[in-house]
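Chemist: Numbering (the working numbering), first residue to last: 2 to 206. Provided herewith is a single structure, encoded as structure tokens, for subsequent inquiry.
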Amino acid sequence: MSPRRSAAEALGTRAAILDRSVAIASAEGLEGLTIGRLAGELGMSKSGVLGHFGSKEALQLATLDRAGEIFRAEVWEPALPAAPGLTRLRVLCEAWVSYLERGVFPGGCFFVAAAHEFDGRPGPVREAVEARFEMWRERLRKEAGRAVAAGDLPEGTDPEQVAFELLGAAMALNHALQLHHDPQAPTRARQAMHARLTSHPSRIA
């Protein structure tokens, strides 16, 4: 076997482990990941799984990274071609609702689940989850600030408040879909986000 083929196979195995880890963790939490379970489901030895990561914590962090790649591809990248500011925010919000509505992760939003699991547990995994939320809030704040500067949102609109409300709508949608299986929830989330992003001052809270 050539070194190049061996390296490619190792990368493919690692990707398969991470994709299965994301599916498990989205439904059962990052603590639901065990080396033994992954080995059994993937037809590997425990040492074969562990050899790709070194520890359970490293596996959890790598799983977070993989989930982040999926979220970026589903929600952020579709909005990149749109004009910065209000237009991009609207495209982003539609992609965000669609991502939750289609159940891209079996257990709903991966990062909402991870936040609930680790928000009171100090350590590298919690820090990684917090960093991803902060990065996402910053992107929302930046686009909202651009919309205000362009006059597409009323003067005096607080970008931080816009980000807070959009996050709230997405989290409420995730909750309604996962706990209540509410078929009307995506429509309600779209209405809430549209109301927040309307340029008409009389409709801004």
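Note that the Cβ used here is the ideal one computed from N, Cα and C, for glycine as well.
Sort Glu131, Cys110 and Gly108 by Cα distance to phenylalanine 119 and report the nearest one.
Modeler: Here residue 119 refers to the residue found at position 118 of the sequence shown. Checked all of Glu131, Cys110 and Gly108; the closest Cα to phenylalanine 119 is Glu131.
Chemist: Could you say if the segment 101 to 110 and the segment 21 to 29 meet the contact criterion of at least three C-beta pairs nearer than 8 Å?
Modeler: Touching, per the Cβ criterion.
Chemist: Measuring CB to CB, does aspartate 153 end up less than 8 Å from leucine 87?
Modeler: Stepping through the sequence shown from its first residue, residue 153 is reached at position 152. Stepping through the sequence shown from its first residue, residue 87 is reached at position 86. Cβ distance < 8 Å, so aspartate 153 and leucine 87 count as in contact.
Chemist: Please list, in chain order, all residues of the same chain as phenylalanine 68 whose beta carbon is under 6 Å from its beta carbon, the five residues on each side excluded.
Modeler: Locating residue 68 in the sequence shown gives position 67, where the first residue counts as 1. Per the sequence shown, residue 68 should be read as alanine rather than phenylalanine. Excluding positions up to five away in sequence, the list reads Val23 and Phe111.
Chemist: In the segment 55 to 97, which residue ranges form an unbroken alpha helix (DSSP H) of at least 4 residues, counting only runs that do not cross its ends?
Modeler: Whole alpha helix (DSSP H) segments, 4+ residues: 57 to 72.
Chemist: Hey, out of Gly33, Ser56, Leu90 and Thr14, whose CA is closest to proline 125's CA?
Modeler: What you label residue 125 is simply residue 124 of the sequence shown in a count that begins at 1. Nearest of Gly33, Ser56, Leu90 and Thr14 to proline 125, Cα basis: Ser56.
Chemist: Assuming valine 92 and alanine 83 make a contact with CB atoms under 8 Å, what is their CB distance in whole Å?
Modeler: The residue you call residue 92 lines up with position 91 of the sequence shown. The residue you call residue 83 lines up with position 82 of the sequence shown. About 4 Å; that satisfies the 8 Å criterion.
Chemist: Given a cut-off of 8 Å, decide if arginine 138 and leucine 90 are closer than it, judged by their beta-carbon atoms.
Modeler: The residue labelled residue 90 in the question sits at position 89 within the sequence shown. The residue labelled residue 138 in the question sits at position 137 within the sequence shown. No, the pair does not count as a contact, with Cβ atoms beyond the cut-off.
Chemist: Look up alanine 151 in the DSSP assignment and say whether it is helix, strand or coil.
Modeler: Position 150 of the sequence shown, counted from the first residue, corresponds to residue 151. In this structure, alanine 151 counts as coil in the three-state DSSP scheme.
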